[in-house]
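Q: The structure follows.
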Amino acid sequence: MLTQESITRKDFLRSMGLGGSALLAVLASCKNASDVVIPAGGISVDLATKLLSVNSYVYSNGVIIARIASGNTASSFVAVAQACTHEGTSVVYQSSGKFHCPNHGAEFNTSGAVTQGPATKSLTKYTVAVNGTTLTVS
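Per full-length UniProt numbering, the very first residue in the sequence shown carries number 1; after that it's consecutive.
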């Protein structure tokens, strides 16, 4: 025999609050390229202390910045959105000249274009400038 339990409005709202909080936490952890906000003045990296060797990379403000060649010129670096466009996992830069998502294997070239799925959308590419030993992403 089925019975009907009564629930107070307060209990219902409390249960929704906990569920809603959990849902918001999950949604907040899912980033994509459109979530990246470059600060006024850009993202700065001190090349005297970071990105010293070819294939090294750093994350800053949702952007991955990689050294793809020797020398301190803008063409020696690339900056793209850090979050894979498939499910938001942070991509890594590999010595083969590609960005790789360790979660499901998506790959992107240094222009941010998808070279292997499951991602179907390119990573956003940002402008890199170098002045002395300061790299700026805008």
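Ideal Cβ positions, reconstructed from N, Cα and C, are used throughout, including at glycine.
(1) Going residue by residue through the segment 44 to 87, where are the continuous alpha helix (DSSP H) segments of at least 4 residues, counting only ones entirely within it?
(2) Pull up the distance between the alpha-carbon of Pro102 and that of Val58, whole angstroms please.
(3) Can you check which of these residues, Val130, Ser76 and Ser122, is closest to Lys82 by C-alpha distance?
(4) DSSP three-state call for Leu123: helix, strand or coil?
(5) With Ser76 and Arg67 assumed to form a contact (beta carbons below 8 angstroms), what rounded beta-carbon distance in angstroms separates them?
(6) Smallest Cα separation from Ser96: which of Gly117, Val54 and Gly88?
(7) Taking a contact to mean a Cβ-Cβ separation below 8 angstroms, would you say Val80 touches Phe99 in this structure?
(8) Is Ser95 helix, strand or coil by DSSP?
(9) In terms of DSSP beta bridges, what is Thr136 paired with?
A: According to the structure data:
(1) none
(2) Within the sequence shown, numbered from 1, the residue matching residue 102 stands at position 102. Within the sequence shown, numbered from 1, the residue matching residue 58 stands at position 58. Rounded to whole angstroms, Pro102 to Val58 spans 16 angstroms at the Cα level.
(3) Working through the sequence shown from its first residue, we reach residue 82 at position 82. Looking at the sequence shown, residue 82 is not Lys but Gln. Of the candidates Val130, Ser76 and Ser122, the one whose C-alpha sits nearest the C-alpha of Gln82 is Ser122.
(4) Here residue 123 corresponds to residue number 123 of the sequence shown, with the count starting at 1. In this structure, Leu123 counts as coil in the three-state DSSP scheme.
(5) Counting from 1 along the sequence shown, the entry for residue 76 is found at position 76. Counting from 1 along the sequence shown, the entry for residue 67 is found at position 67. Contact holds; Cβ gap of about 6 angstroms.
(6) Residue mapping note: residue 96 aligns to position 96 of the sequence shown, counting from 1. Per the Cα distances, Val54.
(7) Taking the sequence shown and counting its residues from 1, one reaches residue 80 at position 80. Taking the sequence shown and counting its residues from 1, one reaches residue 99 at position 99. Their beta carbons are under 8 angstroms apart, which means Val80 touches Phe99 by this criterion.
(8) Locating residue 95 in the sequence shown gives position 95, counting from the first residue. Coil, per DSSP.
(9) On the sequence shown, position 136 is the one that residue 136 refers to. Note: Thr136 sits in a beta bridge opposite Ser44 and Ala129.
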